[in-house]
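For the sequence shown, full-length UniProt numbering begins at 1 and goes up steadily by one. We put the CB at the ideal spot given by N, CA and C, even for glycine. All remarks here apply to the structure that follows.
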Amino acid sequence: MNSYPPELLVQLAPVMFVAGLDVPTVSEQSASPSGSQSPTPSGRSQQDPFIVLTIRLRDALLAQRNVAIWQPEKSKTFQVILVDREVRFPPRKLSSPDDTHYTNAHSPLSPLTPSSPLHPDGLIAPIWVRKHTALVPSVFVLFTKLYETPHQPPKSPLDTQDPEYEREREQEERRRDAELSADIAQRKKSTTERGIKLTVVLMASRKMLDDPALDARLTYIRRQSGLDSRAALFVLSPVSPLELNDFVKSLQQALYEPAVEYYTSHSKRVRRKRNRHAQVTSSYVSPLSPAGSASIARPLRPEGWTVRYEYKMACFAEFRGEDEVALKHYQDSYSTLVNMFGSTAILPPRTKRWAEAKVLADCINIKICKLFLYNNEHALALSQNNIHMRKFGDFSRGWGIGEETFEYWSWIARQHRVFAELLEQGTRSTLTLPAHVPAPAPTAAALIASQTLQNSQRGIMEVDTMKVLGLNPSQALQHPGFYYYMSARATEKRRERFLTMLETATQQNINASPGFANERKVDHLTIILEGQGRLTLRIAYRIAQTYYESGKFDMAVRFFERIARTYRREKWGSMMRPLLTTWYRCAQRLGDVELSVKLLIEMLGHGTTFDTDEDGSIVEDLLAVLKSTVPSAPNTPLVVDLSESEPIFDSSVTFWKDEAMVDEPSAFQLSLKTPSNTSLSSLSFTSLAIYFSNCTHPFVIRHSAAASNAETTVVDLGDVPSDSATDALREVEANLQWGQGSTIVFRGTLASQVPTTLKVLKAVLTLNEGNWTVEIPSDPSSVREGSMQSPQWLVSVDPVHFVPVRRDNCSEVVVRHRPHLVQVSLSHHAPAYLDEEYPITIDITNLDNRAFHVVLDVLLQPTEIDEAGEFISSSASSGLIKGVDLGTVSPGVTVLKTLYLTNTGAGGDRVLDISIQSHHAPQGADASASPSSPSSPSMSLADTSETLQTLVIPTVAAIKMAYDVKYTRVGGSTAGLLDLRTFDDEYWDNGDGGRATVEARLECVGPWSLSVEKVRLIRKNGPHAKIVDCSLDEDEDNIASEWLPGDEFGAICRIDLSPEDEPVEGDAITGPGEYEFTWRRILPNGDHGPLCATLFPLPLLRPPRDGLIALLDLPSTAKLHVPFHAYLTIRNRHPSLTATVSVQLETETSDAFLVAGLRSGRVPILLPGAEERLAWTLVPVECGFVHVPKIVVVDKRKAAAAAVEGDIAPAMPESEGDIVKIVDVRREARGEDGTTRDAGKKTFSPAYAEGLQPSLGVTKQDDIGSILVLPREFAYS
């Protein structure tokens, strides 16, 4: 059946998507910070119970139904597919639901969609079936875990539950339930759009099931998520595998009806579409019309739509398990498709659509035959297959693919083979082929009654007479081998036609035919032999029977030997039974006693189904042969190998545990049971030798004539010695007689001194009778055909009671080294500080009675935090420390190893994987060898163990540094444009950059106290910035103190700036130094940790740029009637424009100063980079906070240029240019953007405190500050 798409052949069943059963990997489980050791493979009990529940759920759901072609069972099971929680369904239509053309859009697989593989006239693509079997389910089951608050045990039995804790628990549960409801509602929205049933299974602990608040939480989740009220919400707790299977079955039964409704709605939708297309009158297109041309793309005809819709309804009926309805739709689709093949205008031969339709017709034929066979309607299935071959054989002749072509016989061979494979799969399951026997001859009474019938009833009698005469073999369903043989015969004719064409055709025509090129790659002879071999053995058996009946026994034996090898290998037990009977009779006639003994012993394994022979007679024949004959080699035992034959006993080996330690006894039971209709009590078994994997010599059980009538007896073998125990007892005595349905259980214990896998290799029964010694080896875990024996353990004999062993591979036990009792503890004081050598003490204690060689590996996981760095100080390694030899640790000895972890950059969690590997070497071996992970089977015998611990260290900063930068302009004159000093290397000009005042604020932000030893500023002056002074210059050695969490420390430094001549926007000046903070951590016991140094570089400096600016330099205080000077410096810092500046001093009679100097005038033109300085002499005449006269600076460059061009009219003097900002250098402080940092703030003054006018004590944004004028005899300090 490999010639056809499997999607078109498999038995369809309802599809269930299951999400939320993802199993975490071992690495994810071991990554837990609390995990001290990786989980052992056998320690399921040590795992999370929900992980075990998830694994069992996956196994139970996937085991419900397998994808197969032959599945006649009508159980309510689903085809389960495990998917991701965020799985998305394929779109129903190409347009989105919000599109206005959504109602007129079509499916991506519709022939009406241009991008569809079926456009414009395709029928059905296998991807459509795959869509409904793998991409779109009928029900969606979502497994998720219900949040449970960790249990907080009371500190004392008398303590009551904290109300605050209960309130927080309820709030957290409600929040988690709301998040869960939102996720479910989102999935509910996607499933409702497709009509898919959504069911949620909440996994909770058994304790949660007893919580009285559970019902309220479930009601809240159901309402908030919009789940249905029926079969939409389940709660499951970790249960046993048996109870879990019951839950899976009940879940499927509850969801089967919604699944049927889902496929029913699809069928109704397709039926409505079919009825609309059925109203269109169908007519064949004339082959001469343009529409009949194969080269012109034309839409699908009404007949094609009928085939498509009937096939879809058949598939949906098959999904629902309604085989009768599916059969009816398949037949309608098939008949319409056959009508389409009747016209070459509809389906032109040798085209793509013709080939697709031909494959579809073959697959529908297989479906129809299979559904007939489900109901044991053998004649109808055979008739359908014959009609299909006859109809398409006639079509092939019309297509030019007749009996003279290899294509015809290739198709015939394929049909025979597919039908044979279908019958073979059926016979291996539930299909029973009819037995074709001649009808009995009519009796005399029937003949007399037939003579009295009327003439009208003679036709019926004639039909019965024809049945008596015989049956046409072509109308009787045969064995699958017959159709394999017919396929081989058709392949022979296919090869003949191919060879004929190869001889007669020209090489050009051969190369031009793709079909012929593909045919040359076919191995015809292999296909012929494979097909004929299916029937050859059956024919050979009939030939051997004929030889036996004719007395040619030697020829019959030759045939039997060849046939038996294949029948044994392929387990054809029903066909071996009559063959062995005839074969034994031939051996009797030939006098071959050894062959007779072998056949009689093999016949014992096939029960009592040999014609008229009974088991008792077979045993009697065997005893008679053994007593009355002599073997050809008396001193050599006769070995009867039953490895490929039916065993005499139903045997099983069960170990109680799946793992054991070295030198630890492992209990086992070997059970040998005879069928209920078989008795071997007459056979004299003298011994039973049991071979174990760890022993070269077998353990022998000698027969003793102890009377025992119990159906189940136990033979205690004790401790089975290994090869190293030379003087140990290897024999016991027991009764080795088996009656009907009796069982002998051999129990004992096995132990091994080295790691290995213990198992029972074989059991050899020895039969001594007369001069014969017969050895019968058998597999210790084998059952007879038709027997179902599950692993079980005998716990009591009176009464007999077995307990099932629910474990895989229970017939063997894995022996491992005893785990090393090495206790590892890690001690440290979290959190760690940045720039600190953080000590981590590893305490390794040997609690075993053996000495171990210990090696330490440390892996520092990379962090995802930007600018974070770390390394281990002991090796300055930033990644891995491997192979730190800690020497040999004797029993009871403790070894301490301290690692120092240094973290830099940013804070966050640092993760260390610590591996402690221990190795135990036997006495005399080299114990200094470092243990390593096993890389080969031989190395796995080394007694090594590894303890893994993952350590998560939170890292925080010890000190937090914050900067506040203010920029001020500097007064004084600057060098001119032609000043030669500017070309000196040591020349420093801070006129453009000014001065930056950097205020640093250090805060102790960590949880531990610090012992601060020194704080200093390290100068790193550069070409554009240099430190003028710092508040720490004189006190850096006198700052030693203890800082508590939250303590703060401040420092101020001033920096002169000299930016580039042509700076680029966004450029910054690197800070010319860094603060060095030297400290020690104060440990909880009062000790101080190692000395650490943290560096805080000065911030990047971005001084604001000026254009035309005026700087006013005034003293802060003055004395009454004592003159002082005021200086106004006008600077043009524009890179390319000149400035035409005028200055005006506006005085009033109310001014508190007498002024001598320029009242109004123009400053010479200022070139870019030039400056001009003006001076006034002021004499104060009033005391107090007084303001200087108003000074106005105007840039008239733009006004003058416009007046020359005549663009503007004369204006007032105040508006003849741009007002230039005057800056009081005493109170200036700017940010990077040039704005004043303390603008709008109130300045405290005594006048304001005494209730004077507020305007005297308030400075506006661009006003010049006031001057404090004091009396002459007043000294201000």
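Once you ignore the five residues that flank residue i on each side, which residues in its own chain have a CB closer than 8 Å to its CB?
| i | result |
| --- | --- |
| P24 | I51 |
| residue 1305 | As displayed, the chain neither begins before 1 nor continues past 1277, which places residue 1305 out of reach and without an answer. |
Using a Cβ-Cβ cutoff of less than 6 Å, which residues in the same chain neighbour residue i once the five nearest sequence positions on both sides are dropped?
| i | result |
| --- | --- |
| Q737 | S681 |
| W1043 | C1004, L1010, V1012 |
| H106 | L112, T113 |
| T894 | T845 |
Starting from residue i and walking both ways along the alpha helix (DSSP H), at which residues does that stretch end?
| i | result |
| --- | --- |
| Y584 | 573-590 |
| P480 | 480-504 |
| H853 | Where H853 is concerned, there is no enclosing alpha helix (DSSP H), although the beta strand (DSSP E) it sits in stretches over 852-860. |
| K328 | 323-341 |
| K370 | 352-374 |
| F50 | 49-62 |
| G304 | 302-319 |
| V965 | No alpha helix (DSSP H) holds V965; the beta strand (DSSP E) holding it covers 959-968. |
| H919 | It is not in any alpha helix (DSSP H) - H919 instead sits in the beta strand (DSSP E) that spans 908-920. |
Contact check, residue i vs residue j under 8 Å by CB: the rounded distance?
| i | j | result |
| --- | --- | --- |
| E303 | M340 | 5 Å |
| S704 | N735 | 6 Å |
| P1097 | E1074 | 4 Å |
| L1101 | V965 | 7 Å |
| V1220 | V1141 | 7 Å |
| Y220 | D177 | 6 Å |
| A556 | C586 | 5 Å |
| P299 | D121 | 6 Å |
Out of curiosity, what's the CA-to-CA distance linking residue i and residue j?
| i | j | result |
| --- | --- | --- |
| D992 | G1157 | 28 Å |
| M1 | F319 | 21 Å |
| Y1127 | V1163 | 14 Å |
| W128 | L109 | 7 Å |
| G1071 | P862 | 31 Å |
| G1265 | H1187 | 7 Å |
| V141 | S335 | 39 Å |
| R730 | V700 | 6 Å |
| L1091 | V1028 | 30 Å |
| G879 | H820 | 28 Å |
| T264 | K76 | 16 Å |
| I690 | F560 | 32 Å |
| K762 | G402 | 60 Å |
| E1273 | I1267 | 17 Å |
| V815 | V260 | 51 Å |
| Y1248 | I1039 | Only weak support exists for where Y1248 lies, its pLDDT of 30 falling under 50; the value from the coordinates is given anyway. Cα-Cα distance, rounded: 40 Å. |
Could you give the residue range of the beta strand (DSSP E) that holds residue i?
| i | result |
| --- | --- |
| L1128 | 1124-1132 |
| Y900 | 894-904 |
| A734 | 731-734 |
| S846 | What sits at residue 846 in the sequence shown is Asn, not Ser. Here the beta strand (DSSP E) through N846 covers 837-846. |
| Q1144 | 1141-1146 |
| E1003 | 995-1004 |
| I648 | Counting along the chain, I648 falls outside any beta strand (DSSP E), and DSSP gives it neither H nor E. |
| D716 | 712-719 |
Between which residues of its own chain and residue i is the CB-CB distance below 7 Å, once the five residues before and five after are set aside?
| i | result |
| --- | --- |
| L537 | I563, T566 |
| S225 | S181, I184, A185, K188 |
- Three CB pairs or more closer than 8 Å across the stretch 672-687 and the stretch 642-652: Between the stretch 672-687 and the stretch 642-652, the count of Cβ pairs shorter than 8 Å is three or higher; the stretches touch.
- Is the stretch 62-73 touching the stretch 10-25 in the sense that three or more CB pairs, one from each, lie closer than 8 Å? yes
- Query: When the Cβ atoms of the stretch 737-757 are set against those of the stretch 769-782, are three or more pairs found closer than 8 Å?
  - Reply: With a cut-off of 8 Å, the stretch 769-782 and the stretch 737-757 do not count as touching, because too few Cβ pairs lie within range.
- Decide yes or no for the touch test of the stretch 1174-1181 against the stretch 1224-1233: beta carbon pairs closer than 8 Å, at least 3 of them. no
- Task: Report yes or no: do three or more beta-carbon pairs, one from the stretch 823-836 and one from the stretch 882-889, lie closer than 8 Å?
- Result: no
- Query: Is it a yes or a no for the stretch 842-861 touching the stretch 808-824, going by three-plus beta-carbon pairs under 8 Å?
  - Reply: yes
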